[in-house]
Amino acid sequence: MSIRPIICLPDPLLRLVCEPVAKVDSEIVTLLDDMLDTMYEAPGIGLAAIQIAVPKRVVVMDVAKKDDPPAPMCLVNPEIVWASDEKNIHEEGCLSIPEYYEEVERPSRVRVRFLDRSGAPVELEADGLLATCIQHEIDHLNGVLFIDHLSRLKRERAIKKFTKAARRDGPLDEKPVTRDRIR
Ligand code: GNR
Ligand code: NI
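According to the numbering used here, the residues represented by the sequence shown are 75 to 257, in order.
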């Protein structure tokens, strides 16, 4: 169980298309546990493996309300198999884009298929915050960030802000862009 550094915009790793997992083995279970630790510590309601620099199709989430018991979810190779025509607007943030929040429109309900942490196939229908979070996380697996759903002007402003912050701390190729480099 360990907390791993979260990488931030403009780290190019966030633009990778992540690889499917062939088998949910002990290495993947350890990855899931480390991701849950990292997500709770951040704190956040979701985390994709690429946010800790691991380019695999692995996601953790917990959208339980503050006073409810924790409800960790582990999703391996998640796929959206159906999305509603009805849309919903929700304010989003991202642990890899600290302190930046904007409203994003997405399908309000989705059906998702994935493997759980025991490797068993699961299908579930989500709405509300869970539907928003699942779509945000699956976007990460495809190198897509929530700012990609905004107008070009807003997106470019956000990218510029984070590129400037990272540049103050030295060349991007010397070390990963972790959250302590963004001020
Ligand atoms: O913690 C998070 N909150 C959040 C709020 C609205 C929509 C999506 C999210 S996910 C985000 C954590 C994160 O960056 N996951 O990739
Ligand atoms: Ni995110």
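Note that CB positions come from ideal geometry on N, CA and C, so glycine has one too.
- When beta bridges are read from the DSSP output, P195 appears opposite L189.
- Counting only the Cα atoms, L203 lies some 11 Å from R180.
- When the beta-carbon positions are compared, I163 and E177 come within less than 9 Å of each other.
- The distance from the Cβ of F188 to that of V150 is about 6 Å, consistent with a contact at the 8 Å cut-off.
- Considering only C92, V103 and L88, the residue with the shortest C-alpha distance to G193 is V103.
- Excluding the 5 residues flanking it on each side, D190 has same chain C-beta neighbours closer than 7 Å at C148 and V196, in chain order.
- The straight-line gap separating the alpha-carbon atoms of R78 and A138 is approximately 23 Å.
- Each of D201, D222, D85 and E101 was checked against the Cα of V132, and the nearest Cα belongs to E101.
- Counting along the chain, the unbroken beta strand (DSSP E) around K161 starts and ends at K161 to C168.
- Between the alpha carbons of V128 and T206 lies a distance of about 22 Å.
- Annotated three-state conformation of I80 is coil, per DSSP.
- Going by C-alpha positions, L227 is about 38 Å away from D141.
- Taking the Cβ atoms as the reference, S170 lies roughly 16 Å from Q209, outside the contact range of under 8 Å.
- Counting only runs of at least 4 residues, the segment 117-167 fully encloses no alpha helix (DSSP H) element at all.
- Taking non-hydrogen atoms of the ligand NI into account, the C-beta of I171 is found less than 8 Å away from one of them.
- Annotated three-state conformation of A239 is helix, per DSSP.
- Excluding five sequence positions before and after Y174, the CB atoms of its chain that fall closer than 6 Å to its own CB belong to A232, given in chain order.
- Under the three-state reduction of DSSP, V98 is assigned to coil, being neither helix nor strand.
- Between D222 and the set A122, A157 and G167, the nearest pair of CA atoms involves G167.
- The three-state secondary structure of V251, taken from DSSP, is coil.
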